[in-house]
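Visitor: Mind looking over this structure? Questions follow.
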Amino acid sequence: MDILEPILKPNPYRFVWIPNEEHNDIIRLLQDIKKHNWVADEIDFSQDVIDMQQKLNDNERHFIKMITAFFASSDGLVMENLDVNFSKEVQIPEARLFFAFQANNEAEHSITYSLMLQALVKEPVEQDRLFKAVTEIPAVKKLVDWAVQWMDNRHPFRVRILAFILYEGLIFSDKFAAIFWFKKRKVLPGVSQANRLISADEGAHESHGIMLYNKLLKKCPQELVHQMVQEVVALDIEFMTEAIPVTLIGMNVNLMSDYIKLVANRLLLRLGCSILYENISRENSLIDLMDNIGQEDKVSFFEHRNHVYLQGGMTVKPSAVFSTEGDF
Numbered sequence: 038m039d040i041l042e043p044i045l046k047p048n049p050y051r052f053v054w055i056p057n058e059e060h061n062d063i064i065r066l067l068q069d070i071k072k073h074n075w076v077a078d079e080i081d082f083s084q085d086v087i088d089m090q091q092k093l094n095d096n097e098r099h100f101i102k103m104i105t106a107f108f109a110s111s112d113g114l115v116m117e118n119l120d121v122n123f124s125k126e127v128q129i130p131e132a133r134l135f136f137a138f139q140a141n142n143e144a145e146h147s148i149t150y151s152l153m154l155q156a157l158v159k160e161p162v163e164q165d166r167l168f169k170a171v172t173e174i175p176a177v178k179k180l181v182d183w184a185v186q187w188m189d190n191r192h193p194f195r196v197r198i199l200a201f202i203l204y205e206g207l208i209f210s211d212k213f214a215a216i217f218w219f220k221k222r223k224v225l226p227g228v229s230q231a232n233r234l235i236s237a238d239e240g241a242h243e244s245h246g247i248m249l250y251n252k253l254l255k256k257c258p259q260e261l262v263h264q265m266v267q268e269v270v271a272l273d274i275e276f277m278t279e280a281i282p283v284t285l286i287g288m289n290v291n292l293m294s295d296y297i298k299l300v301a302n303r304l305l306l307r308l309g310c311s312i313l314y315e316n317i318s319r320e321n322s323l324i325d326l327m328d329n330i331g332q333e334d335k336v337s338f339f340e341h342r343n344h345v346y347l348q349g350g351m352t353v354k355p356s357a358v359f360s361t362e363g364d365f
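Position one of the sequence shown corresponds to residue 38 (the numbering used here), numbered consecutively onward.
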């Protein structure tokens, strides 16, 4: 039963802040995320409005609208799950406090994506369709439905925290990479700035989820982990197939599919499982792009607005850099 898990046992100290050295990993991550505070009002989308109309073609506009529509619907789902489930279930104060800061992050993300969508899409009917992506866009609906299915509280905590990790760590990852692709092309500066801030937050959120998962005495069997990862990878590739209807310069479905599988392998290793995807091509411009993003910001993770996307939450050390090195 879940109640036998130490992090879920009723804790008389859950309402007070008495740090426990056993959870120093969460405490360090909490200290980092507190330093990484920002608000949606910092983002200026004025140039993005011009770029959307003058510098992007129809296929590129479709691509960024799909990405933004997905994100606009996602943070509300994450906030609801934190409020209804995890914040009440997890009993260690370190994690409860982290969830409180995470909820604040997710609120700013939700506001940011709403402002972003309103800036990029001016036509009222199209804007409304994108805001209702969970019902209007099948590829978005399938991803959200997957999360709702696995985060249902009829599942044990270990399954729900795993679904949460996969949602923020795998499903988000290719969308972040897509926006960094626009940044490389020197368009949509406001969207790129928001992506840099939000992806750093989400790397920390995912790391926290993995920390909690690794503290569980009973984890999900590898067969279930593999099943859930395969489901996500298939749905994510379906999403990208709809989002990228034709090959763009330096971006296509095959590149993105390999990237998704690479991230899935990394996440599986962090969860203590064997990888699923062999022979992934290293000749992948998205992998190179994410390496370069990491190198640009390797001096500091959370200081002075130097935000790095921790792909797959590879580490919580301030000097962390996204790296594609490793033997798969």
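Backbone N, C-alpha and C define an ideal beta-carbon position, used for all residues, glycine too.
1. Report the start-end ranges of each alpha helix (DSSP H) in the region 233-317 that is 4 residues or longer and not cut off at the edges.
2. Quick one: is F219 buried, meaning 16 or more other Cβ sit within 10 Å of its Cβ, or exposed?
3. Need the endpoints of the alpha helix (DSSP H) that P175 sits in, please.
4. Can you list, in chain order, the residues of its chain with a C-beta nearer than 7 Å to that of K178? Leave out the 5 residues immediately preceding and following it.
5. DSSP three-state call for P161: helix, strand or coil?
6. Assuming D88 is part of the alpha helix (DSSP H), what are its boundary residues?
7. Can you list, in chain order, the residues of its chain with a C-beta nearer than 8 Å to that of M116? Leave out the 5 residues immediately preceding and following it.
8. Quick check on DSSP: helix, strand or coil for R222?
9. Let me make sure I understand the geometry here. Which of L261, A106, F213 has the alpha-carbon closest to that of D238?
10. How many angstroms separate the CA atom of I68 from the CA atom of I101?
11. Have a look at I312 and P43 and give me their C-alpha separation to the nearest angstrom.
12. Give me the Cα-Cα distance between H99 and D88, rounded to the nearest whole angstrom.
13. Quick one: what's got a C-beta closer than 7 Å to V270's C-beta in the same chain, skipping five residues either side?
14. Cβ of L45 within 8 Å of Cβ of Q128?
15. Can you find at least 3 beta carbon pairs, one from the region 192-203 and one from the region 249-256, that sit closer than 8 Å?
16. For F52, does the three-state DSSP call read helix, strand or coil?
17. Starting from the C-beta of M277, find all residues in its chain whose C-beta is less than 6 Å away, skip the five residues before and the five after it, and write them out in chain order.
18. Is P47 helix, strand or coil when you go by DSSP?
19. Would you mind reading off the limits of the alpha helix (DSSP H) that contains R191?
20. Would W54 be called buried (16 or more neighbouring beta carbons within 10 Å of its own) or exposed?
21. Does the separation of the CB atoms of N96 and L306 fall below 8 Å?
22. Between the Cα of M288 and those of L154, P56, A215, spot the shortest distance and give me the residue it belongs to.
23. Going by beta-carbon coordinates alone, are L154 and F168 separated by less than 8 Å?
Guide: This is what the structure gives:
1. 259-280, 290-307
2. Within the sequence shown, residue 219 is the residue found at index 182, counting from 1. Buried, by the Cβ-count rule.
3. What you label residue 175 is simply residue 138 of the sequence shown in a count that begins at 1. It spans 175-187 - the alpha helix (DSSP H) in which P175 sits, taken as one unbroken run.
4. Start at 1 with the first residue of the sequence shown, and residue 178 comes out as number 141. Contacts found: V171, T172.
5. As a first step, residue 161 must be located in the sequence shown, where it is residue number 124. Three-state result, P161: helix.
6. Translated into the one-based positions of the sequence shown, residue 88 becomes position 51. Per DSSP, D88 belongs to the alpha helix (DSSP H) from 83-91.
7. Within the sequence shown, the letter at position 79 stands for residue 116. A140, E143, A144, S147, listed in sequence order.
8. Within the sequence shown, the letter at position 185 stands for residue 222. The answer is coil: DSSP assigns R222 none of H, G, I, E or B.
9. As a first step, residue 238 must be located in the sequence shown, where it is residue number 201. Ranking the options by Cα distance to D238, first place goes to F213.
10. For the purposes of this step, residue 68 is taken as residue 31 along the sequence shown, with counting starting at 1. For the purposes of this step, residue 101 is taken as residue 64 along the sequence shown, with counting starting at 1. What sits at residue 68 in the sequence shown is Gln, not Ile. Going by the C-alpha atoms only, they are around 33 Å apart.
11. Here the question's residue 312 lines up with position 275 in the sequence shown. Here the question's residue 43 lines up with position 6 in the sequence shown. Going by the C-alpha atoms only, they are around 29 Å apart.
12. Here the question's residue 99 lines up with position 62 in the sequence shown. Here the question's residue 88 lines up with position 51 in the sequence shown. Computed Cα separation, rounded: 14 Å.
13. To locate residue 270, count along the sequence shown from 1; it is residue 233. Counting only Cβ-Cβ distances below 7 Å, and skipping sequence neighbours, we find I297, K298, A301.
14. Along the sequence shown, read from residue 1 onward, the residue named residue 45 stands at position 8. Along the sequence shown, read from residue 1 onward, the residue named residue 128 stands at position 91. Going by C-beta atoms, L45 is nearer than 8 Å to Q128.
15. yes
16. Here residue 52 corresponds to residue number 15 of the sequence shown, with the count starting at 1. Here F52 sits in coil by DSSP.
17. Working through the sequence shown from its first residue, we reach residue 277 at position 240. Only V290, M293 meet the Cβ criterion.
18. To locate residue 47, count along the sequence shown from 1; it is residue 10. It is coil, neither helix nor strand.
19. The count along the sequence shown starts at 1 and reaches residue 191 at position 154. Careful: R191 lies outside any alpha helix (DSSP H) and carries neither H nor E.
20. Position 17 of the sequence shown, counting from 1, holds the residue named residue 54. So W54 counts as exposed.
21. Your numbering for residue 96 matches position 59 in the sequence shown. Your numbering for residue 306 matches position 269 in the sequence shown. For N96 and L306, no; Cβs fall outside 8 Å.
22. The residue you call residue 288 lines up with position 251 of the sequence shown. Residue A215 is the option with its Cα nearest to M288.
23. Here residue 154 refers to the residue found at position 117 of the sequence shown. Here residue 168 refers to the residue found at position 131 of the sequence shown. For L154 and F168, yes; Cβs fall inside 8 Å.
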